[in-house]
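Colleague: Following my numbering, the numbering of the sequence shown begins with 10 at its first residue and continues without gaps.
For each residue, glycine too, the CB sits at the ideal point set by N, CA and C.
Structure provided below as structure tokens; questions to follow.
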Amino acid sequence: MTAGEIALRALIVGFIIVMVVITGFAYTTLYERKVLARMQHRVGPNRAGYIPIPARAKKNSAYWAG
């Protein structure tokens with residue numbers, strides 16, 4: 010193997026390792042947030058429903074996700 014092939018292989022392996030670490034941190038953060046929300050008994054927007062907000066015009070009633 011030449012020096013160029015070794016450098017290219019090192020770059021590819023390094024890129025793969027960096028992507029695995031970044032993805033691992035993202036999933037770790039997601040898992041941590043889900044665990045903390047469950048411990049605090051938080052209700053998400055899919056179960057809280059919508060909060061009706063009165064609009065100035067009666068035709069258009071705005072809704073916010075709760």
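Please report how far the alpha carbon of residue 75 lies from the alpha carbon of residue 50, in whole angstroms.
Modeller: Only weak support exists for where residue 75 lies, its pLDDT of 48 falling under 50; the value from the coordinates is given anyway. The straight-line gap from Cα to Cα measures roughly 15 Å.
Colleague: Does residue 29 come out as helix, strand or coil in the three-state DSSP assignment?
Modeller: helix
Colleague: Roughly how many angstroms lie between the CA atoms of residue 43 and residue 21, to the nearest whole one?
Modeller: 33 Å
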